[in-house]
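Take 16 as the starting number for the sequence shown in my numbering and just add one per residue. For reference, the structure is listed below as structure tokens.
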Amino acid sequence: MKIITDPAEMQTIAEKLRLNRQLIGVVMTMGALHEGHLSLVKLARQTAGTIILTIFVNPTQFGPEEDLHRYPRPFERDVSLAKAAEVDYLFAPESPSVYPDHYQTSVTCGTLAERFEGALRPGHFNGVATVVTKFLNITKPHIAVFGEKDAQQLAIIKRLVKDLDIDVSIVEAPIIREENGLAVSSRNIYLSGEQRSTAEILYQGILHAGKCIDAARRDLSAIAAEIDGMVRSAPGFIPDYVSFVDEETFEPAEHAEKEKEYRLLLAVRAGSVRLLDNAKFRCR
Ligand code: PAF
Numbered sequence: 016m017k018i019i020t021d022p023a024e025m026q027t028i029a030e031k032l033r034l035n036r037q038l039i040g041v042v043m044t045m046g047a048l049h050e051g052h053l054s055l056v057k058l059a060r061q062t063a064g065t066i067i068l069t070i071f072v073n074p075t076q077f078g079p080e081e082d083l084h085r086y087p088r089p090f091e092r093d094v095s096l097a098k099a100a101e102v103d104y105l106f107a108p109e110s111p112s113v114y115p116d117h118y119q120t121s122v123t124c125g126t127l128a129e130r131f132e133g134a135l136r137p138g139h140f141n142g143v144a145t146v147v148t149k150f151l152n153i154t155k156p157h158i159a160v161f162g163e164k165d166a167q168q169l170a171i172i173k174r175l176v177k178d179l180d181i182d183v184s185i186v187e188a189p190i191i192r193e194e195n196g197l198a199v200s201s202r203n204i205y206l207s208g209e210q211r212s213t214a215e216i217l218y219q220g221i222l223h224a225g226k227c228i229d230a231a232r233r234d235l236s237a238i239a240a241e242i243d244g245m246v247r248s249a250p251g252f253i254p255d256y257v258s259f260v261d262e263e264t265f266e267p268a269e270h271a272e273k274e275k276e277y278r279l280l281l282a283v284r285a286g287s288v289r290l291l292d293n294a295k296f297r298c299r
């Protein structure tokens, strides 16, 4: 595995790979790699011959209240995990080479980025969209794999690629769960043992939604309110939102239409840790 820190060098390598008819797959991360990230690499490997993994803690997607400097950066451990996952190139630039002096251009997302995470973290998705666009230009991939775990981010990236005619296929990777159903996330390390076991309530909520939809219930806001109540009954767990959205538009959905797809979004605070989860349902 080669470690590249210079964007121009990465771009030259990617161009050569393309000229040699290599199919490039990229997985973008902020490091602190876990099972979820490694599953994205595995999925990329199913299609691509060369895998580029990016590690960059992107400052433009952190708000002023969010602690960019506290974000975990276990680089040596990440390098070992990337090697073991047979990543070909690890692209890990420093911030000044991504955002040099006088940098002033950014990608602005539309309404898709205004609700849910976007409302709670103003500017976050513009930062994500900007760095993803830059890294697609630098790594020149044929496919880019993003996790369904961050469903709104995935929807925004799919929209971005369509709207800006970026020539890449976005591959969606399913959520990896711990034994009790908790979605694997970098933030889980901040949970106490008790919070970690209580956190299964989010998955219980998803299972409840599945049962309701299977029973042909269409009252999505009522189902979401029931799940909100379930989460609130767990000591110290406070939902920021529990809502169904239309899978295409990400608009909040109150009533389900037959044969349409909806996604249940959950964001829950457990002390200082925010847990995100979601699941897609098709209404019968
Ligand atoms: O999902 C993440 O880890 C980040 O938002 C991403 C896509 C790597 C951009 O910084």
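The beta carbon of each residue, even a glycine, is placed where N, CA and C say it ideally should be.
Chain C within 7 Å of residue i, Cβ atoms only
i    : result
L175 : Absence of chain C from the displayed structure is noted, only one protein chain being present.
Residue i Cβ short of 6 Å to ligand 1 heavy atom set
i    : result
M45  : yes
N73  : yes
V41  : no
V146 : yes
V143 : yes
Residue i, enclosing beta strand (DSSP E) - first and last residue
i    : result
K17  : 17-19
V186 : 184-188
G162 : 158-162
F106 : 104-106
L206 : Counting along the chain, L206 falls outside any beta strand (DSSP E), and DSSP gives it neither H nor E.
K295 : 288-297
F252 : 252-261
R278 : 276-285
Beta-carbon gap between residue i and residue j smaller than 7 Å
i    : j    : result
L48  : D93  : yes
H157 : L38  : yes
I242 : F296 : no
V246 : I216 : yes
R278 : A166 : yes
A159 : V41  : yes
A373 : L235 : No answer is possible for residue 373: it lies beyond the span of the chain, which begins at 16 and ends at 299.
I18  : L105 : yes
M45  : V102 : no
D255 : A230 : no
I181 : L151 : yes
F71  : P115 : no
F252 : A239 : no
Start-to-end residues for the alpha helix (DSSP H) that takes in residue i
i    : result
P111 : 110-113
K98  : 90-99
T44  : From DSSP, T44 is part of no alpha helix (DSSP H) but of the beta strand (DSSP E) over 39-44.
So, do the region 250-265 and the region 188-205 have three or more beta carbon pairs nearer to each other than 8 Å? no
Cβ contact (3+ pairs, closer than 8 Å) linking the region 280-298 and the region 171-183: no
Between the region 109-125 and the region 143-155, are three or more C-beta pairs nearer than 8 Å? In this structure the region 109-125 touches the region 143-155; the number of beta carbon pairs closer than 8 Å is three or more.
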